[in-house]
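>
Protein chains in written order, with our numbering: chain A, 4 to 119; chain B, 302 to 590.
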């Protein structure tokens, strides 16, 4: 189902190496909107990514480092990137050849455009 | 934090003479809004020129802005207004340390230790200064700039014995950190610091706090990777309002953490992380000390 957020989410998926992008509720890890490649386990991914972002946000705050603006998890076979706003988390999963610098910039721009 | 800032701004707008500007200035400083923090602190100082905490706030903002001389002057003012102010000694010691004036830094930190012998941050800072002094082959303090002459026997009394006997864990990443606005920590599986330091710009050693809080993030990363079928995680980078923190897993579930200022390019943060991982790996292999 398309929502008014879909074009913003979909645009991220067109970046090289991006397998999927999701907008997730940070509190309960439920998908608000998503564009995923075939075979991606959306709900599980959303829950884990939201949980990771939430943990990072709370930890950084407790450590006196302020709010989290961007998070990147690098693994041997890909990347997870997340950026949050108003208890929503924009998440992408990308494979190892993705241009993370470009994706980061596009995610931060997209986050500015997201209004619910 | 944004809510706090809004609430404090409103309180200050309602009562411009209120001391709430101290909290507001500190909150703005912590979130990296240094120009605004400076404005708030300067206006507060205009209303409360003889308040030590106002000068202390201004000093901390000045440090964040890289204005070390100004910070030193403000802390010097704090010391004149409130002779028993611990933070002023620590701050002045920090500024002198950053300027490479280790002998004078030691003198101020020793004064701080006299004021509060229980303060672990002062003991750690003193240990770091002594490491630098030993490296430089420096003798006992002799310059006239410090607040008092400190004798070698005084300095021995104030050092943490562990630091004195084996300072290697404190300076494990010194060569990598040299000249950079970043710091590195090696944490064990329970989040306890094994090596490295994390001294804030106002001279506080927050290694244990930062380590304990952030080590839990790596557990979350490990858990996520198990389910996402992306292989083992190799690094986690968190950009915050105040800093960039990059982490990497080490053997035995240890964690390497690098924290850098926001001004440091992300690519460089990762290069530093890689070098620290290499260094910590070698250190762990030979038994961690």
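Just so it is clear, CB atoms sit at the ideal spot from N, CA and C, and this is done for glycine as well.
Taking any Cβ of chain A, which residues in the region 537-557 of chain B have a Cβ under 8 Å from it, in chain order?
537, 538, 539, 540, 541, 542, 543, 544 and 546
> Under the three-state reduction of DSSP, which class applies to residue 88(A): helix, strand or coil?
strand
> Compare the C-alpha of residue 386(B) against each of 365(B), 352(B) and 369(B) and name the closest.
352(B)
> Among residues of its own chain, excluding the 5 on either side of residue 448(B), which ones have a beta-carbon nearer than 7 Å to its beta-carbon?
Caution is warranted here: a pLDDT of 27 is assigned to residue 448(B), below 50, making its placement in the model unreliable, and no coordinate value can be reported.
> So with Cβ pairs under 8 Å, would you call residue 71(A) a contact of chain B?
Chain B, which has a Cβ nearer than 8 Å to the Cβ of residue 71(A), makes this yes.
> Output yes if chain A places a C-beta closer than 8 Å to the C-beta of residue 507(B); else output no.
yes
> Between the alpha carbons of residue 114(A) and residue 93(A), how many angstroms are there, rounded?
7 Å
> Are the region 337-344 of chain B and the region 321-328 of chain B in contact at 8 Å, needing three or more beta carbon pairs?
yes
> Can you say whether residue 428(B) is buried or exposed, counting buried as having 16 or more other CB atoms within 10 angstroms of its CB?
buried
> Just reading off the beta strand (DSSP E) that residue 73(A) is part of, what are its end residues?
Counting along the chain, residue 73(A) sits inside the beta strand (DSSP E) bounded by residues 71-78.
> Assuming the contact rule is C-beta atoms closer than 8 Å, residue 37(A) and residue 45(A) should be a hit. Round their C-beta distance to whole Å, please.
5 Å
> Is DSSP giving residue 336(B) helix, strand or coil here?
helix
> Please work out which residues of its chain come closer than 6 Å, Cβ to Cβ, to residue 445(B), disregarding the five sequence neighbours upstream and downstream, and give them in chain order.
Its pLDDT being 28, under 50, residue 445(B) is placed unreliably in this model, and the coordinates cannot settle the point.
> To the nearest angstrom, how far is the alpha carbon of residue 513(B) from that of residue 29(A)?
23 Å
> Flag this pair as touching only if the region 92-111 of chain A and the region 310-320 of chain B have three or more C-beta atom pairs under 8 Å; answer yes or no.
no
> How would you label residue 19(A), buried or exposed, when you count the other beta carbons within 10 angstroms and need 16 or more for buried?
exposed
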